[in-house]
Each structure stands twice: as structure tokens, then as C-alpha cells.
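Below is one structure, written out as C-alpha cells, with a few remarks after it.
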Amino acid sequence: MLDVNPSTVCRLIQLAREFHAQEQVVIPTSSDDASEDWHLQMLAAHAGDSTLAEFRAVVDDLEPDQQQQMVGLLWLGRGDYTLDEWKITLSHAGDAWNETTADYLIAHPLLPTYLEEGLMLHGYSCNE
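Per my numbering: the sequence shown = residues 6 to 133.
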């Protein structure tokens, strides 16, 4: 069951698209472990970006369990887990959770695609 509002996920998808569309955003090939800080290093150069600031604000306003669901949607949409494994996905996201969830999420260049896929698997769409 998805407890994060699908419209919030859709807003984050839109913000991620805007952020990644910028030419100066370069995301290195690196680890996908949510507990590592590679994403912080990559995003340091974009500290003044208003789209990044809004993305962070939306994610930071979510409760920790909702942030974990956002990470779960990323992993689900990326194919790391199946919908049948949702509880396991959330458990792993909970184990990896920290206060840099927004940066971990936005550092994935295919985040909008993964979130849309994860939403679809839960029966939601941003096109409604």
C-alpha cells in the first residue's frame, strides 16, 4: 500500500525532469547505495538551484516513512524489487534511510521514469 500522495510523487517527477534537463547537471556513474554520500558530492555544485531547492523542500516535508516509500518507488520502478516484494523493499529503504533522501533521489538521472513506473505498478498515474 502506498501512503505517500501520488500527486506529491507526480510533482517530484516534474521537478526532477526540470532539474535533469539542465545542461550543467552531470551525474557520475557511481554506487546506488542510499547510505553512501556520492550524491551529496555531485549535488554540491547545484546548491543555489531553485528547482533542486524545491525538490528538496517537498521531500523534506514528507514523513520519514513516506521518504522511504519514495526510495521504494525508485527501486521498484528500476526493477530492483517487484510489487509482491513491497514490504521487503520498504524494509530495506528503512534500513538505508537518512536525512539526505532528497539528494539520493534527485541524483538518479532516470528518477522520473522510475517513479512513474513505480506509481503505475501501484495503480496510479500522473496523467489523470
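Yeah, the Cβ is synthetic: ideal placement off N, Cα and C, and Gly gets one too.
Source: prediction; values computed, not measured.
Next on the checklist: For residue 59 and residue 97, what's the separation of their Cα atoms in angstroms?
Outcome noted: Position 54 of the sequence shown, counted from the start, is the residue given in the question as residue 59. Position 92 of the sequence shown, counted from the start, is the residue given in the question as residue 97. The straight-line gap from Cα to Cα measures roughly 26 Å.
Item to check | Inter-residue spacing [alpha-carbon to alpha-carbon] between residue 45 and residue 90 | outcome: As a first step, residue 45 must be located in the sequence shown, where it is residue number 40. As a first step, residue 90 must be located in the sequence shown, where it is residue number 85. A caution first: residue 45 carries a pLDDT of 48, below 50, which makes its placement in the model unreliable, though a value can still be read off. Residue 45 and residue 90: Cα-Cα distance of roughly 29 Å.
Checklist entry - Thinking just about the alpha-carbon of each residue, which of 88, 104, 78 is nearest to the one in residue 120? => result Position 115 of the sequence shown holds residue 120. Measuring from the Cα of residue 120, the nearest candidate turns out to be 78.
Checklist entry - For residue 91, which of helix, strand or coil comes out of DSSP? => result Here the question's residue 91 lines up with position 86 in the sequence shown. Residue state, collapsed to three classes: helix.
Checklist entry - residue 117 by DSSP, collapsed to three states: which one? => result The sequence position of residue 117 within the sequence shown is 112, counting from 1. Note: residue 117 maps to helix in three-state DSSP.
Checklist entry - Just the Cα atoms here: how many angstroms apart are residue 111 and residue 117? => result Your numbering for residue 111 matches position 106 in the sequence shown. Your numbering for residue 117 matches position 112 in the sequence shown. Each residue's alpha carbon lies about 9 Å from the other.
Checklist entry - Which whole-angstrom value is the C-beta distance of residue 7 and residue 74, which I expect to be below 8 Å? => result As a working note, residue 7 is residue 2 in the sequence shown. As a working note, residue 74 is residue 69 in the sequence shown. Contact holds; Cβ gap of about 6 Å.
Item to check | Reference residue 56; option with closest CA among 19, 66, 69, 86 | outcome: The residue labelled residue 56 in the question sits at position 51 within the sequence shown. Per the Cα distances, 19.
Checklist entry - DSSP on residue 56, reduced to helix/strand/coil? => result As a first step, residue 56 is located in the sequence shown; it is residue number 51 there, counting from the start. Three-state result, residue 56: helix.
Item to check | Through-space distance from residue 87 to residue 94, alpha-carbon basis | outcome: For the purposes of this step, residue 94 is taken as the residue at position 89 of the sequence shown. For the purposes of this step, residue 87 is taken as the residue at position 82 of the sequence shown. Looking at the two C-alpha atoms, the distance is approximately 9 Å.
Checklist entry - Does the Cβ-Cβ distance between residue 9 and residue 131 come in under 9 Å? => result Here residue 9 refers to the residue found at position 4 of the sequence shown. Here residue 131 refers to the residue found at position 126 of the sequence shown. Their beta carbons are not under 9 Å apart, which means residue 9 does not touch residue 131 by this criterion.
Checklist entry - Rounded to a whole number of angstroms, what is the C-alpha to C-alpha distance between residue 122 and residue 62? => result In the sequence shown, counting from the first residue as 1, residue 122 sits at position 117. In the sequence shown, counting from the first residue as 1, residue 62 sits at position 57. Using only the alpha carbons, I get a separation of about 23 Å.
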